[in-house]
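Colleague: Starting off with a structure, shown below.
Numbering (the working numbering), first residue to last: 74 to 171.
What follows is the structure, encoded as structure tokens:
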């Protein structure tokens, strides 16, 4: 399993199209948070900030050149960890995020 994970994480970036898509998704999450903040419900939607950061990190990883595979792997790993925080929050009972 470990060789498969390293192959996926340190694989070549998928290109500009995927990076633009992930940046667009990140911008969409950010707009949703700004709207909730302007209405006054920002305390209940803090999880959107984790989505913004996770998708932005993934977009940055996909926009890097093919020669920087190590940086791509680190950014992808950071994005996965940030997004896993959202999944783990209900089980760990963290009041900070939700």
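Don't be surprised by glycine CBs; every beta carbon is placed ideally from N, CA and C.
Counting along the chain, where does the alpha helix (DSSP H) carrying residue 163 start and finish?
Modeller: Start and end: 142 to 165.
Colleague: So which of 158, 152, 127 and 87 has the shortest CA-CA distance to residue 101?
Modeller: Comparing Cα positions, the closest option is 127.
Colleague: Could you work out which residue in 165, 116, 77 and 96 is closest to residue 134 when comparing CA atoms only?
Modeller: The shortest C-alpha separation from residue 134 is found at 96.
Colleague: Using alpha carbons as the reference points, say which of 130, 144 and 98 lies closest to residue 154.
Modeller: Comparing Cα-Cα distances from residue 154 to each of 130, 144 and 98, the minimum goes to 130.
Colleague: Would residue 161 be called buried (16 or more neighbouring beta carbons within 10 Å of its own) or exposed?
Modeller: Result: exposed.
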